[in-house]
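Numbering (our numbering), first residue to last: 275 to 619.
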């Protein structure tokens, strides 16, 4: 099944897009006088870092343009209507873990909802709708107590999951593990070619995703979170370590510890992976509390290291104070060490 067959594109979309394309620019063989001046002023060799940054921004613009194009094709020829968010249900397949939408709420509050969501009439409940894409926008608009701008289209289950997956993939909204879990949920109801179209992946990549999710219990993935900075290789390594000895039980215990739960998602993953790697330095940890038993942080003793971590959540003022005092403490230590040496101690 091709992507074209899954998501038929209205006949007039090519004509609309063609009128919006910029005309090719023809450069003169010889520059105009003002152009000659600008050419003289420009350096002969551009800085490599500037080139790399420019290339990165250009790639991001291209990805954003492709994502916008997907939405334009799906929404072409349809009317935008206002719908009560309470009448709209989520997709029957969850594609992401719960996340923060505060930034999106602020954006919509200040600028309004710029892009409509795509919904279909609910296949089982008359009078209700189901989201194809735009889940985060729907949550943000509902939180603001507004009606959501939406396009209503009749979509089959195959069309809905492909639209949902392609839109998320182009916007890089899903992390690797979220995409892998989405694929795992899809495999129970859809053919491999539909899943590959939805996620824009090849057969080999899909097999790796499914293998990773099969080795990691859902509760452990939930404990780690979406881990936006962690890619395929790290998840594959982590999944393989879980199959060795009692590593799975160890990983679950570590993930439930208070010091790991307080870390950002990426750091939770790194902490677990570090402990599972062979020959990893084993550290004993003890809580650091005030005389009144108020939690300040954690002290970890290793063979060659001593780590002191201060919880910026539980003791932010103390963390800032200690950071400012570190140079003075070191100077005091050096002074006393020199004094002991002079006294022959």
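Every residue, glycine too, gets a C-beta built ideally from N, C-alpha and C.
Checklist entry - In the structure shown, what three-state DSSP assignment does residue 601 receive? => result If DSSP states are grouped into helix, strand and coil, residue 601 belongs with the helices.
Item to check | Residue range of the unbroken beta strand (DSSP E) whose run includes residue 356 | outcome: Here the beta strand (DSSP E) through residue 356 covers 355-357.
Next on the checklist: Within the continuous alpha helix (DSSP H) that includes residue 410, where are the two ends?
Outcome noted: 409-417 is the extent of the alpha helix (DSSP H) around residue 410.
Checklist entry - Since residue 480 contacts residue 437 with CB under 8 Å, what's their CB separation in whole angstroms? => result The beta carbons of residue 480 and residue 437 sit about 18 Å from each other, so the pair does not count as a contact at 8 Å.
Item to check | Cβ-based burial, residue 529 [other Cβ within 10 Å; buried from 16] | outcome: Answer is buried; the Cβ neighbour count reaches 16.
Checklist entry - From residue 395 to residue 407, what distance separates their C-alpha atoms? => result Looking at the two C-alpha atoms, the distance is approximately 14 Å.
Checklist entry - Since residue 425 sits in a beta bridge, which residues does DSSP pair it with? => result Per DSSP, 392.
Item to check | Which of helix, strand or coil DSSP assigns to residue 508 | outcome: Under the three-state reduction of DSSP, residue 508 is assigned to helix.
Next on the checklist: Applying the 10 Å Cβ sphere with the 16-neighbour rule, what's the burial state of residue 449?
Outcome noted: By the 10 Å Cβ count, residue 449 comes out buried.
Item to check | Residue ranges of each alpha helix (DSSP H) within the stretch 459-508, 4 or longer | outcome: Here the runs fully enclosed are 466-473, 477-489 and 492-498.
Checklist entry - Is the stretch 460-473 touching the stretch 514-526, taking contact as three or more C-beta pairs under 8 Å? => result Three or more Cβ pairs closer than 8 Å define a contact, and the stretch 460-473 falls short of that threshold against the stretch 514-526.
Item to check | Nearest candidate by alpha-carbon position, reference residue 353, set 568, 593 and 389 | outcome: It is 389.
Next on the checklist: Suppose contacts are defined by Cβ-Cβ distances below 9 Å. Is residue 435 in contact with residue 469 by that definition?
Outcome noted: Residue 469 sits close to residue 435, with the two beta carbons spaced by under 9 Å.
Item to check | Cut-off 6 Å between Cβ atoms - residues of its own chain near residue 302, not counting five sequence neighbours on either side | outcome: Unreliable placement is indicated for residue 302, whose pLDDT of 38 sits below 50; the coordinate value is still reported in the next sentence. So no residue of the chain qualifies.
Next on the checklist: Nearest by alpha-carbon distance to residue 500: which of 458, 507 and 452 is it?
Outcome noted: Out of 458, 507 and 452, 452 has the C-alpha closest to the C-alpha of residue 500.
Checklist entry - Can you tell which of 380, 431 and 458 has the C-alpha that lies nearest to the C-alpha of residue 404? => result If we check each option's Cα against that of residue 404, 431 comes out closest.
Next on the checklist: Taking its Cβ as the centre, do 16 or more other Cβ atoms sit within 10 Å of residue 614, making it buried, or is it exposed?
Outcome noted: Under a 10 Å Cβ-count criterion, residue 614 is classified as exposed, with fewer than 16 other Cβ atoms of the shown protein chains found around its own Cβ.
Item to check | Through-space distance from residue 612 to residue 568, alpha-carbon basis | outcome: The alpha-carbon separation between residue 568 and residue 612 amounts to approximately 36 Å.
Checklist entry - Are the beta-carbon atoms of residue 414 and residue 378 separated by less than 9 Å? => result Yes. Within cutoff.
Next on the checklist: When you compare the CB positions of residue 356 and residue 422, do they come within less than 9 Å of one another, or not?
Outcome noted: For residue 356 and residue 422, yes; Cβs fall inside 9 Å.
Checklist entry - Between the stretch 542-549 and the stretch 578-597, do three or more beta carbon pairs fall short of 8 Å? => result The stretch 542-549, when compared against the stretch 578-597, does not touch it at the 8 Å Cβ threshold.
Item to check | Minimum C-alpha distance to residue 510 - residue among 571, 454 and 538 | outcome: That would be 454, whose Cα lies nearest to the Cα of residue 510.
Checklist entry - Looking at the unbroken beta strand (DSSP E) that takes in residue 539, where does it start and where does it end? => result Where residue 539 is concerned, there is no enclosing beta strand (DSSP E), although the alpha helix (DSSP H) around it starts and stops at 539-550.
Checklist entry - For residue 608, which of helix, strand or coil comes out of DSSP? => result DSSP places residue 608 in helix when its eight states are reduced to three.
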